[in-house]
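Asker: Position in the sequence shown counted from 1, then plus 138, gives you the working numbering. Glycine included, each C-beta is placed from N, C-alpha and C at the ideal position.
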Amino acid sequence: HRITCIVGARPNFMKIAPIMAAFRDLTPNVHAQLVHTGQHYDAAMNGQYFDALGIPQPDINLEVRSGSHAEQTANVMLRFESTLDASPPSAVLVVGDVNSTLACALVAAKKNIPVIHVEAGLRSFDRSMPEEINRVMTDQISDLLFVTEREGCGNLLREGIDESRIRFVGNVMIDTLRHNVGKAASVSQILEDAGRARFLDGRDGYAVLTLHRPSNVDDAATLRTLLECVREMSVRLPVIFPVHPRTRQMVERFGLARILDAPTILQLPPVGYLQMLGLMKDARIVLTDSGGLQEETTALGIPCVTLRENTERPITATEGTNTIVGRDPERILAAFDDVMRTGGKRGRIPELWDGNAAKRIALAIQEWLDATPRH
Ligand code: UD1
């Protein structure tokens, strides 16, 4: 059997790494090919992840780059269609919820090539998020759906997806975290590399901040409020802020750079996986609107304050260390204050976030392909 695995954007890389390794090591009769759509292309958003995570070089790069949602999705579809026509695989495997995920799933489904979705069933129930559209649509056209938290199975069943297609296997992102946590970069090295070796001198810990959701950064007033809130927190706890390219553009476009110009705020370019892991692992608190960081902080036992109104990963809040606070500065500051005073939520590790999700996925796929006569 030949499986075409898709990656496109940064959060896909840590999910595909253990899956490619599991196919290589565990399933001799499944050959995995890697297609990169090129949605993310900068070295900071792309190349450094492949090296750090040991992901094989993609067999094909579709080089779509950025654009509006329609442009980006359509470009992936057009280019991926030619790839599939040249050599149709037994199945296409997509991960996560980015535009590349939906685009490739849709092309394959229309060609009657089975679609496998890893990280299926997550729902924020907020259709204003582009990722929510990608999640719902991808799951509807997938033939085999791998779920990270049990609630996801219920979401899929409610949307009419047959139980026989759904497998609760745990979280591949946590496989990658467990595999790499011993190799995480030290904070002192990260500061030294940034030319700010003394940034934390005389301070008791630090916060890590990431922001990139369009709902937080594409609107000037919202972004200003959030950054002012960050500045206020930084008086009590220094903030390390790796800045996503989308956010960098918006900060400049809206003329907000001076809010971040404080001795207790350290802006970095987007950091690599091992650097981000190092920053999170020793942080007192992580403030974020990322999906992945909500899960990684829960796995690491670090308090996370999520700057969104909802989450598609509810287990991080019900069982993990995550608190969903939205964008109201009062609520953000109250949650921050709570972590400063009490150390924040303790949390526990969710079911099957045990480092073996990719193995379960590879073996399940092999069994499924063997049992499906047309392949
Ligand atoms: C995408 C995903 C989002 C994910 C995020 C992680 C979708 C709908 N969104 O959002 O779910 O959480 O990736 O990063 O798929 N840019 C660069 N260099 C790059 C890539 C992008 O400078 O290598 C800039 C471009 O100006 C681009 C902007 O960032 O227009 C946004 O990139 P895009 O891929 O459209 O979406 P993200 O915001 O990164």
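Measuring straight from C-alpha to C-alpha, what distance separates Leu-338 and Trp-506?
Answerer: As a position in the sequence shown, residue 338 is number 200, starting the count at 1. As a position in the sequence shown, residue 506 is number 368, starting the count at 1. Rounded to the nearest angstrom, the two C-alpha atoms are 52 angstroms apart.
Asker: Give the range of the alpha helix (DSSP H) segment to which Val-424 is assigned.
Answerer: Taking the sequence shown and counting its residues from 1, one reaches residue 424 at position 286. That residue, Val-424, is in no alpha helix (DSSP H); its beta strand (DSSP E) goes 423-426.
Asker: Check whether the Cβ atoms of Thr-360 and Pro-156 sit closer than 8 angstroms, and answer yes or no.
Answerer: For this step, residue 360 is matched to residue 222 along the sequence shown. For this step, residue 156 is matched to residue 18 along the sequence shown. Against a cut-off of 8 angstroms, the Cβ pair of Pro-156 and Thr-360 comes out as no contact.
Asker: Would you say the beta carbon of Ser-324 comes nearer than 7 angstroms to a heavy atom of ligand 1?
Answerer: Along the sequence shown, one-based indexing puts residue 324 at 186. Incorrect: Ser-324 has no Cβ contact closer than 7 angstroms to ligand 1.
Asker: In the DSSP assignment, find the alpha helix (DSSP H) that holds His-317 and state where it starts and stops.
Answerer: On the sequence shown, residue 317 is found 179 positions in, with the first residue counted as 1. Taken as a continuous stretch (DSSP letters only), the alpha helix (DSSP H) holding His-317 covers 310-318.
Asker: Count Cβ pairs between the stretch 487-497 and the stretch 289-302 that sit closer than 8 angstroms; are there 3 or more?
Answerer: Short answer: they don't touch.
Asker: Output needed for Leu-329: all residues of its chain with C-beta closer than 6 angstroms, excluding positions within five of it in sequence on either side, in chain order.
Answerer: For the purposes of this step, residue 329 is identified with residue 191 of the sequence shown, where counting begins at 1. Answer for Leu-329: Ala-335 and Phe-337, listed in chain order.
Asker: Flag Glu-147 as yes when its Cβ comes closer than 7 angstroms to any non-hydrogen atom of ligand 1, and as no otherwise.
Answerer: Taking the first residue of the sequence shown as 1, we reach residue 147 at position 9. It is Ala, not Glu, that sits at residue 147 in the sequence shown. Ala-147 Cβ: within cutoff of ligand 1.
Asker: Taking buried to mean at least 16 other C-beta atoms within 10 Å of its own C-beta, is Val-256 buried or exposed?
Answerer: Translated into the one-based positions of the sequence shown, residue 256 becomes position 118. So Val-256 counts as buried.
Asker: Under the three-state reduction of DSSP, which class applies to His-513: helix, strand or coil?
Answerer: Working through the sequence shown from its first residue, we reach residue 513 at position 375. Per-residue confidence for His-513 stands at a pLDDT of 46, beneath the threshold of 50, marking its modelled position as unreliable; the derived number appears in the next sentence. Coil.
Asker: Find out if the Cβ-Cβ distance for the pair Asp-281, Ile-254 is shorter than 8 angstroms.
Answerer: The residue given as residue 281 occupies position 143 in the sequence shown. The residue given as residue 254 occupies position 116 in the sequence shown. Yes.
Asker: Let's see if you can read the secondary structure: which residues bound the beta strand (DSSP E) around Ala-170?
Answerer: On the sequence shown, residue 170 is found 32 positions in, with the first residue counted as 1. Its beta strand (DSSP E) spans residues 169-174.
Asker: Around the Cβ of Gly-192, are there at least 16 other Cβ atoms within 10 angstroms (buried) or fewer (exposed)?
Answerer: Sequence index remark: in the sequence shown, residue 192 carries index 54 (1-based). It counts as exposed.
Asker: Have a look at Gly-308 and Arg-288 and give me their C-alpha separation to the nearest angstrom.
Answerer: Within the sequence shown, the letter at position 170 stands for residue 308. Within the sequence shown, the letter at position 150 stands for residue 288. Whole-angstrom Cα-Cα distance: 9 angstroms.
Asker: Under a three-way DSSP split, which group does Thr-480 fall into?
Answerer: Along the sequence shown, one-based indexing puts residue 480 at 342. Reduced to three states, the DSSP call for Thr-480 is helix.
Asker: Contact check, Ser-238 vs Gln-278 under 8 angstroms by CB: the rounded distance?
Answerer: Numbered from 1 along the sequence shown, position 100 holds the residue referred to as residue 238. Numbered from 1 along the sequence shown, position 140 holds the residue referred to as residue 278. About 17 angstroms; that fails the 8 angstroms criterion.
Asker: Answer yes or no: do Ala-246 and Leu-222 have a C-beta to C-beta separation smaller than 8 angstroms?
Answerer: Mapped onto the sequence shown, residue 246 falls at position 108. Mapped onto the sequence shown, residue 222 falls at position 84. Going by C-beta atoms, Ala-246 is nearer than 8 angstroms to Leu-222.
Asker: By the three-class DSSP mapping on this structure, what secondary structure does Arg-140 have?
Answerer: As a first step, residue 140 is located in the sequence shown; it is residue number 2 there, counting from the start. DSSP places Arg-140 in strand when its eight states are reduced to three.
Asker: Hey, out of Glu-370, Thr-436 and Val-443, whose CA is closest to Thr-426's CA?
Answerer: Stepping through the sequence shown from its first residue, residue 426 is reached at position 288. The option with the nearest alpha carbon to Thr-426 is Val-443.
Asker: Where do the ends of the beta strand (DSSP E) carrying Glu-257 lie?
Answerer: The residue you call residue 257 lines up with position 119 of the sequence shown. Looking at the DSSP string, the run of the beta strand (DSSP E) that includes Glu-257 is 253-258.
Asker: Counting C-beta neighbours from all protein chains within 10 Å, is the total for Gln-387 16 or more, i.e. buried, or is it exposed?
Answerer: If you number the sequence shown from 1, residue 387 lands on position 249. So Gln-387 counts as exposed.
Asker: Can you tell me whether Glu-330 sits near ligand 1, meaning its C-beta is under 7 angstroms from at least one heavy atom of the ligand?
Answerer: For this step, residue 330 is matched to residue 192 along the sequence shown. No.
Asker: Under 8 angstroms Cβ to Cβ from Pro-511, same chain only, skipping five residues before and after it: list those, please.
Answerer: Looking up residue 511 in the sequence shown gives position 373. Excluding positions up to five away in sequence, the list is empty.
Asker: Could you spell out the range, first to last residue, of the beta strand (DSSP E) harbouring Pro-383?
Answerer: For the purposes of this step, residue 383 is taken as residue 245 along the sequence shown, with counting starting at 1. Run containing Pro-383: none in the beta strand (DSSP E); it sits in the alpha helix (DSSP H), 383-391.
Asker: Could you check which residue in Val-424, Ile-198 and Tyr-187 has the C-alpha nearest to that of Arg-217?
Answerer: Taking the sequence shown and counting its residues from 1, one reaches residue 217 at position 79. Among Val-424, Ile-198 and Tyr-187, the Cα nearest to that of Arg-217 is on Ile-198.
Asker: For Leu-471, collect the residues of the same chain with a Cβ closer than 8 angstroms to its Cβ; drop the 5 residues on either side in sequence, then sort them by chain order.
Answerer: As a working mapping, residue 471 is identified with position 333 in the sequence shown. Cys-367, Glu-370 and Met-371, listed in sequence order.
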